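Residue numbers (the numbering used here), protein chains in the order written: chain P, 21 to 569; chain D, 21 to 569. Built from N, CA and C at the ideal position, the CB exists for glycine as well. Quick caveat: nothing in here was measured; it's all calculated off a predicted structure. To start, the structure under review is shown below, and the notes come after it.
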């Protein structure tokens, strides 16, 4: 016989609903229909209007033949259509597949094929790609968004986005997921080696991370959010859905540039934005005249890499409060946050920046973010020294990799998502990344964290970017080698940097060579270390300005 | 063959965890171990300490023989043990059954029997009840909490709560629910007729409402919350769990009194509290000298009944911002909120109060709160006139009534929870309660909302409380009859009140009789109309000061 707390007490329509971010928009459109939802150029669109447009989009997609579980791909900058797609596509029961706008045709074609996209919504700026894929995928429906006047796209079969919106029914009833475990998004990770992997998000995780963002950031209702973070990157860390919950304002930014960013921050009284260190650095070191009218405080979340101490100080000095978060595509963006503590206030500035640059503690609605010994699967001691791998588990974790059961099983081994990032845990329980597993340098049997060496380099004012890789060494096995990009208008010699590093690093951790050059970056602002490694292999490198210690 | 978005992508330990409020405490204890969690008299307990105590409690309950799914009952005021129980009992896999401290022995005995409680945790103040139930339930383990010195409880078999805590292991690993649909709490509703019904809450709903409270109230991290609302009432609207998420401060209040409340508000810099209109009224009209040192702004949520316009104005004048919420035990406390709109600011004060006194819109994470025609199950028009029944559906809705499959099926008919409350919907989509189904007055074929008549009475300064019931009438079928409690030190005649009511009500809605007397209330501050109806039937009533129009 069933337990008394189960008997006659099963789930039913009245007390169980699949969690989905669609509901967050539906409520806000009901409660705050006249509040501003999207700002883009002259466009000022309310939440009521946004909901209607999303319903129209969903209806049109269904009419185009999009079925439940079909993939709709997007190649769009941070424009209104991109935000609408985050709701309109799931409302059609379909799966949202945002593509990195900086990818080449081959990569895009791979993803369209692998993800079996039925529709591609593409900005007319990417005409070359649109033409190429329309030839390669004759069955693919192409929808073009004419956000700016780039009239050279002549695709007779393409459908105009605004026509799609106009023809869809404003009273379309959104198709709810049959199960909150249904896919809502497909995000390809740009792995440094091998083919990209398709990370599948579920409605449950998207809903919970949308809310977790609010809790993590203590984000007030009606916050004004600048889209400096690409929406194609982990669905903008789920902030499109968060903004709907908050009835906030999405301030669009088609292309990041400092002048536009500061103009919007001031004009729209932006309260929040996210960005990689490169965005933070651009804002922090922007010409002062861009922010003469900036008088309010702004909150930012930075991710991708820990911001340098000097950068944090610089941001603070112009009224930007930084919170550092850490995550990966597989966990919907941020999985941990360097939650600040009142007790830190007494520390000196440098120490505060150091404390704030850590990866921190688990995100509010994530079950666990731990540093485990990957062999024993037990937590490392909280000694700030013992390295282990960052592992994550909980409801804000992907379903797995599309069509890659082996890769999925491997990355979820032992009941945890294996991040591939190596870290230590400080005595206060805060996680501090040491390295990617593959970036660790093993020198004379000792582990050297490339990040630790980079941190030391970043403490020098003239260093704009730094990357440290392992290079083979006859005596030590491996030794660290640094690549440095110097800040515009400044100068530093390799000797100066070596001397500088000695203040912070043990002798065996000092780079054995320093090269000055522009550093290759991924579209999300990460330095492509793999490229540097290949470059190092090329004989021309030393000629290019390298300095061997 | 499975769809590509399902194949090899099923739930596993790494990406799926049963949602439970236990996790909210675990995270806060990890991240903010040294922050203040509970204030009670001289006690100042941190979140780290609280988590340890809850784990000790859970361990001891398991040692006492409490198994997964067993019921642990509580008869406690708003003291630390009550907050700890909200975590410690679920951590043992058991179900939390808070009992109303104002109930008589018979009711308590009914609930212990019906809920099959294995353990009763009881405050020594309720010695009479403890003795009676210990005789009636020899198998029941009684745990006594000696919060205040009331040394007359001599139960040799009883276990002391602090001994239980001391003997439990601080490293006990909380037992997670096997399924988030598992019961976390059992709350008896004090129906006005028939036996109490046992409302069963699930972990999923408790978790989501804990978060929904934060979103609804825009409640900042580290808020300081005064426990003026009984924790035995819908688990304090789930705020025990909310406070854990916020790493806030629980300011205990063993017994509500205005002096203690204001002292704590000032000393602890309380930022938030909840309460029925009776609590709000007590604070608003308290002697001014109690709040001479009050200089900060406080947010309050009021529920139970819409606060009168004059009460809202009075609260505002002393720095208390009121938000009106509506809900029932079956939906974990608040299900709707009168979310304020910027556009209301331009209205005159009376109109603002009127707008703010409505039941409003659905709570952030609730799927739907609608007013439906109970026959056709279609929404009523947004005309502010057409009455329907408030119906609720979503994830913050009980599993059902314990051991009452028929009552459960009935209340969930048609896929909605039927609240039994009659309401209209204003053109802006805000719900306004008109009456309980059973309180509606049908006079000459016209519906009269008892609440509308009460609202008119409340607009008179001298009216502290008012209740309107239907009484039989030969000509009209039913007519409204009012019971009024006059504010201390004030006077008003029935004739005056009738004249007053004519300003606001159509002739047929004017009470045909007004009685001045103390009004009987439930332990949660609701007026017992059923008692008034019985009283009206008694012949002695007219002698007691009634005035027939």
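With 7 Å as the threshold, decide whether the Cβ of residue i is near any Cβ in chain P.
i, result
"residue 23 of chain D", "yes"
"residue 452 of chain D", "no"
"residue 428 of chain D", "yes"
"residue 32 of chain D", "yes"
"residue 381 of chain D", "yes"
"residue 334 of chain D", "no"
"residue 238 of chain D", "yes"
"residue 345 of chain D", "no"
"residue 425 of chain D", "yes"
"residue 417 of chain D", "yes"
"residue 132 of chain D", "no"
"residue 29 of chain D", "yes"
"residue 37 of chain D", "yes"
Starting from the Cα of residue i, find the closest Cα among the options and give me that residue.
i, options, result
"residue 347 of chain P", "P:333, P:382 and P:127", "P:382"
"residue 179 of chain D", "D:189, D:165, D:188 and D:192", "D:165"
"residue 135 of chain P", "P:217, P:99, P:515 and P:66", "P:217"
"residue 538 of chain P", "P:297, P:532 and P:548", "P:548"
"residue 323 of chain D", "D:250, D:337, D:401 and D:160", "D:250"
"residue 42 of chain D", "D:59, D:296, D:104 and D:63", "D:104"
"residue 483 of chain D", "D:462, D:521, D:219 and D:460", "D:521"
"residue 309 of chain P", "P:286, P:297 and P:329", "P:286"
"residue 495 of chain P", "P:516, P:342, P:504 and P:532", "P:532"
"residue 99 of chain D", "D:58, D:66, D:239 and D:123", "D:58"
"residue 32 of chain P", "D:470, D:436 and D:487", "D:436"
"residue 473 of chain D", "D:63, D:407, D:227 and D:501", "D:501"
"residue 491 of chain D", "D:550, D:536 and D:515", "D:550"
"residue 113 of chain P", "P:89, P:373 and P:485", "P:89"
"residue 62 of chain P", "P:265, P:365, P:284 and P:162", "P:284"
"residue 497 of chain P", "P:524, P:443, P:463 and P:467", "P:463"
"residue 509 of chain P", "P:407, P:481, P:440 and P:457", "P:481"
"residue 461 of chain D", "D:118, D:452, D:489 and D:123", "D:489"
"residue 240 of chain P", "P:169, P:176 and P:318", "P:318"
Is the Cβ of residue i closer than 7 Å to any Cβ of chain D?
i, result
"residue 400 of chain P", "no"
"residue 64 of chain P", "no"
"residue 50 of chain P", "yes"
"residue 437 of chain P", "yes"
"residue 302 of chain P", "no"
"residue 244 of chain P", "no"
"residue 432 of chain P", "yes"
"residue 414 of chain P", "yes"
"residue 241 of chain P", "yes"
In this structure, what does DSSP give as the bridge partners for residue i?
i, result
"residue 321 of chain D", "D:294 and D:343"
"residue 394 of chain P", "Answer is none; residue 394 of chain P lacks a bridge partner."
"residue 550 of chain D", "In the DSSP output, where bridge partners are listed per residue, residue 550 of chain D has none listed."
"residue 455 of chain P", "P:442"
"residue 65 of chain P", "P:58"
Are the Cβ atoms of residue i and residue j separated by less than 7 Å?
i, j, result
"residue 71 of chain D", "residue 93 of chain D", "no"
"residue 115 of chain D", "residue 203 of chain D", "yes"
"residue 184 of chain D", "residue 142 of chain D", "no"
"residue 1 of chain D", "residue 349 of chain D", "In the structure displayed, chain D extends from 21 to 569; residue 1 of chain D sits before or after that span and is not available."
"residue 331 of chain P", "residue 379 of chain P", "no"
"residue 385 of chain D", "residue 232 of chain D", "yes"
Quick check: the segment 202-209 of chain P against the segment 44-54 of chain P, are at least 3 beta-carbon pairs closer than 8 Å? No, because fewer than three Cβ pairs between the segment 44-54 of chain P and the segment 202-209 of chain P fall closer than 8 Å, the two stretches do not touch.
Practice prompt. Check whether the segment 383-395 of chain D touches the segment 405-412 of chain D, taking contact to mean three or more Cβ pairs, one atom from each stretch, closer than 8 Å.
Written response: Three or more beta-carbon pairs drawn from the segment 383-395 of chain D and the segment 405-412 of chain D are found closer than 8 Å, and the two stretches are therefore classed as touching.
Quiz item: Given 8 Å as the limit, is there contact between the segment 24-41 of chain P and the segment 414-425 of chain D, that is, 3 or more CB pairs closer than that?
Solution: Verdict: yes, contact present.
Exercise. Three or more beta-carbon pairs under 8 Å between the segment 186-206 of chain P and the segment 107-114 of chain P, yes or no?
Worked result: Judged by Cβ distances under 8 Å, the segment 186-206 of chain P makes contact with the segment 107-114 of chain P, as three or more pairs qualify.
Between the segment 229-246 of chain P and the segment 267-279 of chain P, do at least 3 Cβ pairs fall closer than 8 Å? Touching, yes, given that three or more Cβ pairs across the two stretches are closer than 8 Å.
field: Any 3 or more C-beta pairs closer than 8 Å across the segment 418-428 of chain D and the segment 392-403 of chain D
entry: With the rule of 3 Cβ pairs closer than 8 Å, the segment 418-428 of chain D does not count as touching the segment 392-403 of chain D.
- Between the segment 149-163 of chain P and the segment 122-130 of chain P, do three or more beta carbon pairs fall short of 8 Å? Enough Cβ pairs lie closer than 8 Å, so yes.
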